[in-house]
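This report concerns only the one structure given below.
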Amino acid sequence: MQNRPDHPTLLDAVASFLMADIAPKLEADKALQFRVLIAANLATVVAGELRTHDARLGSEGGRLAKLLGAAVPPKDDAALEALNRELARRLRGGELVNDATLEHLLATAKETLEVTNARFELNDEL
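Terminal number for the sequence shown in my numbering: 1055, no gaps in between.
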């Protein structure tokens, strides 16, 4: 089985092609040019999400497991989703409204934003 190029690399190549080869040729059609730029940005974001998925799963999952008192961190997206649903349920019930929960939510937001918009800055002072 061929492992290269991997999916993020392929998506980066698509984004580069759209930005370098296609978008400049669409000067006459600004609306289409804009949509091509959006498509290139989406490909870049998805590539970043794929590259960082395991690290973000481990980081968020570890924090959630500790926060919720789970025996082990989640090993996959479905288990992470279940822990997030449990956190939401407890928050709606008035539980876990504390600094540790806020720190977890801010860290998760920061990790997500680092992938989707690397220029976005989330100060630690929030």
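Glycine residues also receive a C-beta, built at the ideal position from the N, C-alpha and C atoms.
Selection from the options that minimises the alpha carbon distance to residue i
{"i": "T1030", "options": "L996, G1022, A1007", "result": "L996"}
{"i": "E989", "options": "L979, D1006, V975, R980", "result": "D1006"}
{"i": "M948", "options": "V965, L940, F1049", "result": "V965"}
{"i": "E1010", "options": "N1027, L986, V1026, D1028", "result": "L986"}
Helix, strand or coil at residue i according to DSSP, with G and I counted as helix
{"i": "V943", "result": "helix"}
{"i": "D958", "result": "coil"}
{"i": "K1039", "result": "helix"}
{"i": "L1025", "result": "coil"}
{"i": "R933", "result": "coil"}
{"i": "E1050", "result": "coil"}
{"i": "D1006", "result": "helix"}
Rounded separation between residue i and residue j - CA only
{"i": "R992", "j": "H1033", "result": "6 Å"}
{"i": "I951", "j": "A1008", "result": "41 Å"}
{"i": "K1039", "j": "L971", "result": "19 Å"}
{"i": "E1050", "j": "I967", "result": "21 Å"}
{"i": "P953", "j": "A969", "result": "13 Å"}
{"i": "R1048", "j": "R1018", "result": "32 Å"}
{"i": "A984", "j": "V974", "result": "16 Å"}
{"i": "A944", "j": "P937", "result": "10 Å"}
{"i": "D1028", "j": "L939", "result": "41 Å"}
{"i": "E1015", "j": "L955", "result": "48 Å"}
{"i": "F946", "j": "E1043", "result": "23 Å"}
{"i": "L1035", "j": "T1041", "result": "10 Å"}
Closer than 7 Å: residue i CB and nearest the ligand FAD heavy atom
{"i": "E1032", "result": "Of ligands this structure carries none, so the ligand FAD is not represented either."}
The region 948-964 in contact with the region 1016-1035 per 3-pair CB rule at 8 Å | no
Please confirm if the region 998-1012 is in contact with the region 961-981, defined as three or more CB-CB distances below 8 Å between the two stretches.
-> no
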